[in-house]
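Each remark here refers to the structure printed beneath this line.
Residue numbers (the numbering used here): 396 to 731.
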């Protein structure tokens, strides 16, 4: 309904940023206009049906892509992430489209590109950012790989499309004012939403426990450590970066709702691939406990304990499994 209402307003030349609170439209004016042009002719019920089935199809494609068509792994993943997919579809979210575009962008970084392919990359990158600002997580790998042309074109396309695309339909004055309203909306409600009980992000949990100021310090320091970790591993393949940068969305984005665990799916499949049985009772206990907490939290989308740290604990277990696997008391040495 948020996308539908914003799209209807954009097509008629009205602002999409006059709805306060949790259900405000926080994406670019061009995205509102595109939603309006694509969905309005269908009517709300038909558009909702089409939108949901399209997102379901994209989730299926993503499961197959990240699992590399390993259907046993897909079945295991659905046990952990099936409820989040259901909730994402129920709420009419656009996360499947965003994640699919990000997967395409990461995939394009695995090969040398022509100038025309860089233009296509920049166009998709710009649209992705206008859908969700967290798509800027591509910036670290672009910097590490010295993809200056892709980065420069992608950032240049942002105003070109967000302002120019709207101006083409409604004129420059409307386009500029809508973009100003968009940028203003990004900061108007963020601090209040950070403290929401349903915000399962690192920033949300640390702010509720320590206060917003200390919470932001913990968040900033953790993000800095994560960036240092990426730089230290700059020689790794693109897929390695893809999995961790997508995982970072579910941890480091200021606002993370429970179904955003879906961005951790690539890391989950990586863990399945690397799984080795612990060699000690302590190791088996750690693995069993971490798996049980993760399973319960990921399926307890509406449980207060899941919001207040359960989901974050599950994400933390996924994120630190790589470290645990090197522990001499828990897992066999990979060199043997």
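Glycine residues also receive a C-beta, built at the ideal position from the N, C-alpha and C atoms.
- Across the structure, residue 464 and residue 568 are spaced so that their CA atoms are roughly 49 Å apart.
- The Cβ neighbour count for residue 671, taken over all protein chains shown within 10 Å, is under 16; the residue is labelled exposed.
- With fewer than 16 other CB atoms across the displayed protein chains lying within 10 angstroms of its CB, residue 440 is exposed.
- Between residue 613 and residue 622, the CB-CB gap reaches or exceeds 8 Å.
- Shortest Cα-Cα distance from residue 552 to any of 682, 540, 519, 421 involves 519.
- Taking the C-beta atoms as reference points, residue 451 is found no nearer than 8 Å to residue 499.
- In this model, residue 647 and residue 533 are separated by some 14 Å (Cα to Cα).
- Under the DSSP assignment, residue 525 falls in the alpha helix (DSSP H) whose first and last residues are 510–526.
- When the five nearest sequence neighbours on each side are left out, the beta carbons in the same chain lying within less than 7 Å of the beta carbon of residue 682 are those of 673, in order along the chain.
- For residue 545, the enclosing alpha helix (DSSP H) begins and ends at 543–557.
- Burial check for residue 512: the Cβ neighbour count within 10 Å stays below 16, so the residue is exposed.
- For residue 488, the three-state secondary structure derived from DSSP is coil.
- Setting aside the 5 residues that flank it on each side, residue 618 is surrounded in the same chain by 647, each with a C-beta closer than 6 Å to its C-beta; the list follows chain order.
- Along the region 665–729, the alpha helix (DSSP H) occurs as fully enclosed runs of 4 or more residues at 676–694, 706–719, listed in sequence order.
- Relative to the Cα of residue 426, the nearest Cα in the group 608, 577, 649 belongs to 577.
- In this structure, the alpha-carbon of residue 689 lies about 20 Å from that of residue 640.
- Annotation for residue 611: the continuous alpha helix (DSSP H) segment containing it runs 607–627.
- Contact check for residue 398 and residue 469: beta-carbon distance about 28 Å, past the 8 Å limit, so the pair fails to qualify.
- Distance from the CA atom of residue 509 to the CA atom of residue 503, rounded to whole angstroms, is 11 Å.
- Membership of residue 644 in the alpha helix (DSSP H) is indicated by the continuous run 633–647.
- Closest option to residue 555, judged by alpha-carbon separation, among 616, 525, 506: 525.
- By the neighbour-count definition (other C-beta atoms within 10 Å, threshold 16), residue 628 is an exposed residue.
- In the structure shown, the three-state DSSP call for residue 398 is helix.
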